[in-house]
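Trainee:
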Amino acid sequence: MSENQNLLAEQRRALIVDEVRRRGGVRVNELTRQLGVSDMTVRRDLDALARQGVLEKVHGGAVPVVEASTHEPGFEAKSGLEPTAKEEIARAAARLVAPGSAIALSGGTTTYTLARRLLEVPDLTVVTNSVRVADVFHTAQRTTGRRPGAATVVLTGGVRTPSDSLVGPVADRAIAALHFDVLFLGVHGISVEAGLSTPNLAEAETNRQLVRSARRVVVVADHTKWGTVGLSSFAALHEVDTLVTDGGLPAEARAEISERLRRLVVAGEPEDDEEPEGPEED
1 MSENQNLLAE
11 QRRALIVDEV
21 RRRGGVRVNE
31 LTRQLGVSDM
41 TVRRDLDALA
51 RQGVLEKVHG
61 GAVPVVEAST
71 HEPGFEAKSG
81 LEPTAKEEIA
91 RAAARLVAPG
101 SAIALSGGTT
111 TYTLARRLLE
121 VPDLTVVTNS
131 VRVADVFHTA
141 QRTTGRRPGA
151 ATVVLTGGVR
161 TPSDSLVGPV
171 ADRAIAALHF
181 DVLFLGVHGI
191 SVEAGLSTPN
201 LAEAETNRQL
211 VRSARRVVVV
221 ADHTKWGTVG
231 LSSFAALHEV
241 DTLVTDGGLP
251 AEARAEISER
261 LRRLVVAGEP
271 EDDEEPEGPE
281 ED
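Now the structure itself:
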């Protein structure tokens, strides 16, 4: 299968997931007409999406997966979801980072993708509670040698979660003693009512501390996170300065977010041209 065919399959599957979530279920024959592909292609797409855990196959179609608010997927499971959107979001978010900044990156697959985009930004100080994010910088420096301008990385301690974040009192105390210019925050869910939420209670408290220690808060989240609610809320929307998301976010959601946040950046769209979020002037 060619690279272009792979991309088309990914786009097609994203549309299927959106339809399932929007309508509460879809039928195979409806999808074949809507997408202009064969019955076999649709069934393969549904098989792949069911393996990823984002929908459930039923006779003749598919329905949403009903997850408990405490369900927390592992890092590998989340890595396979919306990869193109995460790359676009990371590219847009990286443009908000000024050389010489002190930034924080929370755990998550989108912040992990962003970390790889930040390897060429000089003189960063990076605070993170993500083992995966720290490994991005460590591996790059081990492979190429520590060059002038390479990032200084501060990895908090703590108890490891299924998503490879370090949380709990040890992490909270370490973060409370620090102050950074910008926090880039991945989320499990985001909504008007619940704000930012996670299924992990200890992670919620650590995320609260990250928010308290940041001058600016930038949430990096693809459109599928909108409307998802985890067990514990850790920040209201008014505490967020910027949301960086992808073009799949519905118009109604954009309007609601724009009413509550200072800035909405949709990767690849004209608003995606802001100045870097550097250190503030005294």
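Residue 132 in the UniProt record's numbering sits at position 132 of the sequence shown, and the numbers go up by one each step.
C-beta: ideal position from N, C-alpha, C; glycine also.
Bear in mind that the values here come from a model prediction, so they are computed numbers and not experimental data.
According to DSSP, is D181 helix, strand or coil?
Mentor: Taking the sequence shown and counting its residues from 1, the one referred to as residue 181 is at position 181. Note: D181 maps to strand in three-state DSSP.
Trainee: Bridge partners for V126 per DSSP, in chain order?
Mentor: Stepping through the sequence shown from its first residue, residue 126 is reached at position 126. For V126, which the question treats as bridged, DSSP gives the partners I103, V153.
Trainee: Just to confirm, is the Cβ distance from I89 to V127 under 9 Å?
Mentor: Residue mapping note: residue 89 aligns to position 89 of the sequence shown, counting from 1. Residue mapping note: residue 127 aligns to position 127 of the sequence shown, counting from 1. Contact flag unset, no.
Trainee: Measure the alpha-carbon distance for A98 versus I257 and round it to whole angstroms.
Mentor: The residue given as residue 98 occupies position 98 in the sequence shown. The residue given as residue 257 occupies position 257 in the sequence shown. C-alpha separation (whole angstroms): 25 Å.
Trainee: Closest to P169 by C-alpha separation, out of V153, P148, A134, N129, would be which residue?
Mentor: Looking up residue 169 in the sequence shown gives position 169. The option with the nearest alpha carbon to P169 is N129.
Trainee: With DSSP as the reference, please indicate the residues paired to I190 in a beta bridge.
Mentor: The residue labelled residue 190 in the question sits at position 190 within the sequence shown. I190 is bridged to L196, W226.
Trainee: Tell me the rounded alpha-carbon separation between G107 and H188.
Mentor: Indexing the sequence shown from 1 puts residue 107 at position 107. Indexing the sequence shown from 1 puts residue 188 at position 188. So the two alpha carbons sit approximately 10 Å from each other.
Trainee: Taking the alpha carbon of R91 as the point to measure from, which residue in A115, R27, A104 has its own alpha carbon closest?
Mentor: Locating residue 91 in the sequence shown gives position 91, counting from the first residue. For R91, the nearest C-alpha among the options comes from A115.
Trainee: Based on DSSP bridge pairs, tell me the residues matched to S258.
Mentor: The residue you call residue 258 lines up with position 258 of the sequence shown. DSSP lists no partner for S258.
Trainee: Determine the burial state of N207: buried for a count of at least 16 other Cβ atoms within 10 Å of its Cβ, exposed for fewer.
Mentor: For the purposes of this step, residue 207 is taken as the residue at position 207 of the sequence shown. Flag for N207 reads buried.
Trainee: For V192 and V220, which I take to be in contact (beta-carbon distance under 8 Å), what is that distance rounded to the nearest angstrom?
Mentor: As a working note, residue 192 is residue 192 in the sequence shown. As a working note, residue 220 is residue 220 in the sequence shown. At roughly 19 Å, the Cβ-Cβ gap does not stay under 8 Å, so V192 and V220 are not in contact.
Trainee: Take the Cβ of P270 as the centre, count every other Cβ of all protein chains shown within 10 Å, and call the residue buried at 16 or more, exposed below.
Mentor: Counting from one through the sequence shown, the residue named residue 270 turns up at place 270. Exposed.
Trainee: Using CA atoms only, rank isn't needed, just tell me which of Q11, D39, A48 is closest to G60.
Mentor: Residue mapping note: residue 60 aligns to position 60 of the sequence shown, counting from 1. Nearest C-alpha to G60: D39.
Trainee: Give the single residue among T156, R173, E120 whose Cα lies nearest to the Cα of A150.
Mentor: Position 150 of the sequence shown holds residue 150. When each option's Cα is compared against that of A150, the closest is E120.
Trainee: Taking the beta strand (DSSP E) that R43 belongs to, which residues open and close that run?
Mentor: For the purposes of this step, residue 43 is taken as residue 43 along the sequence shown, with counting starting at 1. Per DSSP, R43 belongs to no beta strand (DSSP E); it is in the alpha helix (DSSP H), 39-52.
Trainee: So the beta strand (DSSP E) T111 belongs to, where does it begin and stop?
Mentor: Looking up residue 111 in the sequence shown gives position 111. Where T111 is concerned, there is no enclosing beta strand (DSSP E), although the alpha helix (DSSP H) it sits in stretches over 109-117.
Trainee: Under 8 Å by Cβ, that's how I've got L15 and L35 pegged, so tell me the actual separation to the nearest angstrom.
Mentor: Translated into the one-based positions of the sequence shown, residue 15 becomes position 15. Translated into the one-based positions of the sequence shown, residue 35 becomes position 35. Right, their Cβ atoms sit about 7 Å apart.
Trainee: Would you mind reading off the limits of the alpha helix (DSSP H) that contains L55?
Mentor: Taking the first residue of the sequence shown as 1, we reach residue 55 at position 55. Looking at the DSSP string, L55 is not in any alpha helix (DSSP H); the run it does join, the beta strand (DSSP E), is 55-58.
Trainee: With L35 as the anchor, note down where its alpha helix (DSSP H) starts and where it stops.
Mentor: Looking up residue 35 in the sequence shown gives position 35. Looking at the DSSP string, the run of the alpha helix (DSSP H) that includes L35 is 28-35.
Trainee: How should R13 be labelled, buried or exposed, when 16 other C-beta atoms within 10 angstroms of its C-beta is the threshold for buried?
Mentor: Sequence index remark: in the sequence shown, residue 13 carries index 13 (1-based). Its Cβ being crowded by 16 or more others within 10 Å, R13 is buried.
Trainee: Should A177 be labelled buried (16 or more other beta-carbon atoms within 10 Å of its own) or exposed?
Mentor: Here residue 177 refers to the residue found at position 177 of the sequence shown. Counting Cβ neighbours within 10 Å, A177 comes out exposed, since fewer than 16 surround it.
Trainee: My guess is that L183 and L210 are in contact by the Cβ rule of under 8 Å, so how many angstroms apart are they, rounded?
Mentor: Looking up residue 183 in the sequence shown gives position 183. Looking up residue 210 in the sequence shown gives position 210. That pair is a contact at about 5 Å.
Trainee: For R23, which beta-bridge partners are listed by DSSP?
Mentor: Counting from one through the sequence shown, the residue named residue 23 turns up at place 23. Answer is none; R23 lacks a bridge partner.
Trainee: Mapping DSSP to helix, strand and coil, what is T144?
Mentor: Translated into the one-based positions of the sequence shown, residue 144 becomes position 144. Correct three-state label for T144: helix.
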